[in-house]
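Residue numbers (the numbering used here): 34 to 276.
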């Protein structure tokens, strides 16, 4: 669920609709949380912001793997926060507009930014704000769908609209799937690395994760593709705020 204030009432209404999917699968959430646990292995009591927490599913998965650390859910949607509160405990309303996130400079040791950047009109300003709230050397765990996923490469060769891309907020046109989720930006592994570096982060690692929407018969292949992040369904980036 995006934390940026949409530029038009229609887009805001779209994201406030409880029927719009906000979770991207436990497999992705667990892999991302394991990456963060490894990054925080030498410390305790870290403050972790889950920016764009949605219904709190990802934070709940992370909490089981991050004992001793404090997770705070952040979202602009009051409906999302109501659903997230029972799972996370501490939730805060915040958005990238109207003065930015309600945290002091360097307040967070780590930020989870899961399946959010693809929904943003202005991802550059969002990354600037995440860098502000992170302490020097703080960790950013960003996940986003991969435009160059293995099946998207085949679909493009066949002249079919790639999965994850959307041309309308009302219906799916020209691609597999049935759910409209409001994706505005899509990244390849190379583009994501360059984007993070240009935003003042040091990229530590880009890994792959499976996509829960892949048909059951193809899921073993999707898991195998995770070994090659550039072809995986989901990109998991670990970056650190440059000091």
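Backbone N, C-alpha and C define an ideal beta-carbon position, used for all residues, glycine too.
Straight-line gap, residue i to residue j (C-alpha atoms, nearest Å)
i, j, result
"residue 198", "residue 204", "12 Å"
"residue 76", "residue 260", "29 Å"
"residue 145", "residue 270", "10 Å"
"residue 80", "residue 69", "12 Å"
"residue 241", "residue 224", "15 Å"
"residue 329", "residue 169", "Shown here, the chain extends from 34 to 276; a query on residue 329 therefore has no answer."
"residue 141", "residue 119", "22 Å"
"residue 216", "residue 71", "30 Å"
"residue 196", "residue 213", "11 Å"
"residue 187", "residue 114", "38 Å"
"residue 90", "residue 99", "14 Å"
Under the three-state DSSP convention, the category residue i falls into
i, result
"residue 248", "coil"
"residue 36", "Here the model assigns residue 36 a pLDDT of 45, short of 50, so the residue's position is not dependable, and the following value carries that caveat. Coil, per DSSP."
"residue 235", "strand"
"residue 172", "strand"
"residue 189", "helix"
"residue 178", "strand"
"residue 152", "helix"
"residue 225", "helix"
Start and end residues, beta strand (DSSP E) containing residue i
i, result
"residue 265", "No beta strand (DSSP E) holds residue 265; DSSP gives it neither H nor E."
"residue 147", "141 to 147"
Buried or exposed by the 16-neighbour rule on C-beta atoms within 10 Å, applied to residue i
i, result
"residue 272", "buried"
"residue 164", "buried"
"residue 172", "buried"
"residue 177", "buried"
"residue 227", "exposed"
Bounding residues of the alpha helix (DSSP H) (the contiguous stretch that carries residue i)
i, result
"residue 121", "111 to 121"
"residue 131", "Neither: residue 131 is in no alpha helix (DSSP H) and is coded neither H nor E."
"residue 77", "Taken as a continuous stretch (DSSP letters only), residue 77 belongs to no alpha helix (DSSP H), as it is neither H nor E."
"residue 94", "90 to 98"
Residue i Cβ short of 8 Å to the ligand PLP heavy atom set
i, result
"residue 61", "The model depicted lacks the ligand PLP and carries no ligand whatsoever."
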